[in-house]
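The opening position of the sequence shown corresponds to residue 1 in UniProt numbering, with each subsequent residue numbered one higher.
All C-beta atoms, glycine included, are put in the ideal place defined by N, C-alpha and C.
So the structure is just underneath, and the comments pick up after that.
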Amino acid sequence: MAQRADLLELDCHLTRDGVVVVSHDKNLFRQTGVNRDVGSLNFEDLPLLKEELEVYFSPGHFARGADRHMVRLEDLFRRFPRTPMSVEVKERNEELIHKIAGLVRHYDRNEITIWASEKSSIMKKCKAANPEMPTSFTLSRGFWVLLFYYLGLLPFISIPEKFLICFLPTIINRTYFPFSRSGLNQLAAVVAKWLIMRKSLIQHLQQRGVQALGSLCSPWAAPRVGPLPPAPAMVRISKPKTFQAYLDDCHRRYSCAHCRAHLANHDDLISKSFQGSQGRAYLFNSVVNVGCGPAEERVLLTGLHAVADIHCENCKTTLGWKYEQAFESSQKYKEGKYIIELNHMIKDNGWD
């Protein structure tokens, strides 16, 4: 957290006595030197982490920490109550899935905790356990999205996922080596970058409410979080770079302040001089990823209008309203336009 990470990426496992702990590996040997699985031990019997741990995605770099105890997922929820987290489930363990879902509900984190898994069969169980949590793409779903993109069919395909989380291809052949032969690593980096790093693909996903996050793990990102264990042992902290580096800098946009879903482009801004129910508001010609409620007559500062409340389709936060009908001729220009309260949106991409 000292490196101002926006997201904690966690892998979780279940101990024999039913405690959800944060651990990258199911087997404890790499992290502790003890060749036992997490699930074979009670929480109190878990061995201490090694005094020095090699950073998983950065061979040759090591992290050290004063407190070497394994940490519970609940401890992180308590310590960082408003920090977004991605929780990855690697094994088909329904007890683990339901305990994670219960902890997320208990700490009121439904909107800021992401289900993650490589396998679609596991993701299906995760969504059933807590459907209010947003989901990220599984490997197979990511493959299909890429396939439909290159076939030109992606606009016609439903995308229920809200996050695309993957490593940036630049870490292959620089700090992370999935293959033993350097030539294969170089080829993997080139192919992955060519397939994934497409401006039009990332822009399309963002316009449909999917946030693209790239994990760039490096030695400077190893945090120190006080009494908690050294982060690379339990948490792959990504100083998450959004994929904005692959988008046009001039394409300025506004996003939801609560979930970062894309709401509107700066080109569609009509006026900044409006008053909302909670303060200043902007008037837009068009918006995206916004749902609309039923219209009702309402007396506003500029007279009687028929308006419909609008909300972010990702996090369901009420953002403002849509002008359906104006009853005074001087206000007719507002019809079909959208008001978004300033305290519900932030500037994204191209403003710096």
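Quiz item: Under a Cβ-count criterion, where at least 16 other Cβ atoms within 10 Å of its own Cβ denotes burial, should N343 be classed as buried or exposed?
Solution: The residue you call residue 343 lines up with position 343 of the sequence shown. With fewer than 16 Cβ atoms within 10 Å of its Cβ, N343 is classed as exposed.
Quiz item: Can you list, in chain order, the stretches of the alpha helix (DSSP H) that have 4 or more residues and sit fully within the segment 27 to 76?
Solution: Counting only runs of 4 or more residues that sit fully inside the segment 27 to 76, the alpha helix (DSSP H) segments are 29 to 32, in chain order.
Practice problem: Could you have a look at V87 and say whether DSSP puts it in helix, strand or coil? | Solution: The sequence position of residue 87 within the sequence shown is 87, counting from 1. Of the three classes helix, strand and coil, the one that applies to V87 here is strand, per DSSP.
Quiz prompt | Close Cβ partners of C315 (< 6 Å) along its chain, the five nearest in sequence each way excluded | solution = Stepping through the sequence shown from its first residue, residue 315 is reached at position 315. Residues of the same chain with a CB within less than 6 Å of the CB of C315, apart from the 5 flanking positions on each side, are E111, H258 and C259 in chain order.
Practice problem: Under 7 Å Cβ to Cβ from D25, same chain only, skipping five residues before and after it: list those, please. | Solution: As a first step, residue 25 must be located in the sequence shown, where it is residue number 25. Non-local C-beta neighbours of D25 in its own chain, meaning closer than 7 Å and more than five positions away in sequence, comprise Q31, ordered along the chain.
Quiz item: Cβ atoms of N289 and A261: under 8 Å apart, would you say?
Solution: Residue numbering aside, residue 261 sits at position 261 when the sequence shown is read from its first letter. Residue numbering aside, residue 289 sits at position 289 when the sequence shown is read from its first letter. Against a cut-off of 8 Å, the Cβ pair of N289 and A261 comes out as a contact.
Self-check item: Three-way DSSP call (helix, strand, coil) for C126 in this model
Solution: In the sequence shown, counting from the first residue as 1, residue 126 sits at position 126. Here C126 sits in helix by DSSP.
Practice problem: Please confirm if the segment 155 to 171 is in contact with the segment 322 to 339, defined as three or more CB-CB distances below 8 Å between the two stretches. | Solution: Below 8 Å, too few C-beta pairs join the segment 155 to 171 and the segment 322 to 339 to call them touching: fewer than three.
Exercise. Please state whether DSSP places Q325 in a helix, a strand or coil.
Key: Counting from 1 along the sequence shown, the entry for residue 325 is found at position 325. Three-state DSSP puts Q325 in a strand.
Quiz prompt | Nearest candidate by alpha-carbon position, reference E91, set L103, Y107, R82 and S120 | solution = Position 91 of the sequence shown, counting from 1, holds the residue named residue 91. Comparing Cα positions, the closest option is S120.
Quiz item: Considering only C-alpha positions, which residue in the set I270, E9, S330 and R208 is nearest to L73?
Solution: Residue 73 sits at position 73 when you count from the first residue of the sequence shown. Among I270, E9, S330 and R208, the Cα nearest to that of L73 belongs to E9.
Quiz item: Considering F163, what are the terminal residues of the beta strand (DSSP E) in which it resides?
Solution: As a position in the sequence shown, residue 163 is number 163, starting the count at 1. Looking at the DSSP string, the run of the beta strand (DSSP E) that includes F163 is F163 to F167.
Quiz prompt | Y282 to S255 span [Cα, whole Å] | solution = Numbered from 1 along the sequence shown, position 282 holds the residue referred to as residue 282. Numbered from 1 along the sequence shown, position 255 holds the residue referred to as residue 255. Looking at the two C-alpha atoms, the distance is approximately 13 Å.
Quiz item: What does a CB cutoff of less than 7 Å around T317 pick up in its chain, not counting 5 residues either side in sequence?
Solution: Walking along the sequence shown from the start, residue 317 turns up at place 317. Contacts found: C256, H258, H311 and H344.
Quiz item: I think R68 touches L49, with their Cβ atoms under 8 Å apart; what is that distance to the nearest whole Å?
Solution: By 1-based counting over the sequence shown, the position of residue 68 is 68. By 1-based counting over the sequence shown, the position of residue 49 is 49. That belief holds up - the Cβ atoms of R68 and L49 are roughly 4 Å apart, short of 8 Å.
Quiz item: Quick one, are the C-beta atoms of E161 and T135 less than 8 Å apart?
Solution: Residue numbering aside, residue 161 sits at position 161 when the sequence shown is read from its first letter. Residue numbering aside, residue 135 sits at position 135 when the sequence shown is read from its first letter. Taking 8 Å as the Cβ cut-off, E161 and T135 qualify as a contacting pair.
Practice problem: Taking 8 Å as the cut-off, decide whether the C-beta atoms of E328 and G303 are in contact. | Solution: Numbered from its first residue, the sequence shown carries residue 328 at position 328. Numbered from its first residue, the sequence shown carries residue 303 at position 303. The Cβ atoms of E328 and G303 sit closer than 8 Å to each other.
Quiz item: For K272, which three-state DSSP category applies?
Solution: Taking the sequence shown and counting its residues from 1, the one referred to as residue 272 is at position 272. It is a strand residue.
Quiz prompt | Reduced DSSP category for V19 - H, G, I as helix; E, B as strand; rest coil | solution = Working through the sequence shown from its first residue, we reach residue 19 at position 19. It is coil, neither helix nor strand.
Practice problem: Identify, in the order they occur along the chain, each residue of the same chain with its Cβ nearer than 8 Å to the Cβ of A308, setting aside the five sequence neighbours on each side. | Solution: Taking the sequence shown and counting its residues from 1, one reaches residue 308 at position 308. Hits under 8 Å: C292, G293, P294, A295, E296, W321, K322 and E324.
Quiz item: Exposed or buried, what is A116 when buried is set at 16 or more other beta-carbons lying within 10 Å of its beta-carbon?
Solution: Taking the first residue of the sequence shown as 1, we reach residue 116 at position 116. Within 10 angstroms of the beta-carbon of A116 lie 16 or more other beta-carbons, which makes it buried.
Exercise. Note down the Cα distance separating I202 from A264, rounded to an integer number of angstroms.
Key: The residue labelled residue 202 in the question sits at position 202 within the sequence shown. The residue labelled residue 264 in the question sits at position 264 within the sequence shown. Near 16 Å, if we compare the C-alpha coordinates of A264 and I202.
Quiz item: For Q278, which of helix, strand or coil comes out of DSSP?
Solution: For this step, residue 278 is matched to residue 278 along the sequence shown. Coil at Q278, not helix or strand.
Self-check item: Where S136 falls: helix, strand or coil (DSSP)
Solution: By one-based count along the sequence shown, residue 136 stands at place 136. Strand at S136.
Quiz prompt | Close Cβ partners of F148 (< 7 Å) along its chain, the five nearest in sequence each way excluded | solution = For this step, residue 148 is matched to residue 148 along the sequence shown. These residues qualify, in order along the chain: L154 and I157.
Practice problem: Locate the alpha helix (DSSP H) running through L153, then write down its first and last residues. | Solution: Counting from one through the sequence shown, the residue named residue 153 turns up at place 153. DSSP places L153 in no alpha helix (DSSP H); its state is neither H nor E.
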